[in-house]
Each structure stands twice: as C-alpha cells, then as structure tokens.
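Take a look at the structure set out below.
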C-alpha cells in the first residue's frame with residue numbers, strides 16, 4: 145500500500161480534519177482516506193448548470209405561469 149504526504153497543509157484545514165476525525169472516532173489518517181475516497185467516487189455530472197436548469201422546465205422548455213387578474217383601475221396621477 146502506498147503512502148501520501150501532504151506538505152504545507154493549511155492549519156485551519158488540518159484543525160477541521162482533526163475535529164471531523166475525533167467526532168467520528170477515527171484516526172486522522174482514516175478520516176483523510178474517507179474524504180479522498182468520497183471525493184473520488186462522487187458522481188460526475190455529464191452536463192452543466194444550464195442543462196440542469198433546462199431539465200427543470202416542462203417537455204417543451206416552457207413553464208405555464210398563471211397570474212392573478214387585477215381589476216381595471218385608473219392610472220396613477222403623478223402630477
């Protein structure tokens with residue numbers, strides 16, 4: 145099995161990693177391995193944000209919005 149050395153690790157990041165490891169009852173090494181594994185197996189998107197937003201719309205690419213009818217009224221007087 146290989147070893148990994150990370151140099152110049154940001155102190156705040158190290159504190160967060162140590163806190164996460166302690167909270168989960170794991171060693172610092174095991175917590176780091178779990179995070180690396182999680183990052184590697186996270187599903188990769190095959191499309192971007194625009195496509196994701198487009199997929200939220202109806203099949204025609206439109207959304208029917210219904211606006212409440214406002215009774216007719218005279219225009220405001222700005223004089």
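Residue numbers (the numbering used here): 145 to 223. All C-beta atoms, glycine included, are put in the ideal place defined by N, C-alpha and C. Note that the coordinates shown come from a computational prediction; the quantities given were computed from them, not determined experimentally.
- Here residue 155 carries a helix assignment [DSSP, helix/strand/coil].
- Leaving aside the five residues that flank residue 215 on each side, none in its chain has a CB nearer than 8 Å to its CB.
- Of 195, 163, 180, the smallest CA-CA separation from residue 150 is found for 180.
- Cα atoms of residue 155 and residue 146: separation of roughly 24 Å, rounded to the nearest angstrom.
- Bounds of the alpha helix (DSSP H) holding residue 178 are 172-185.
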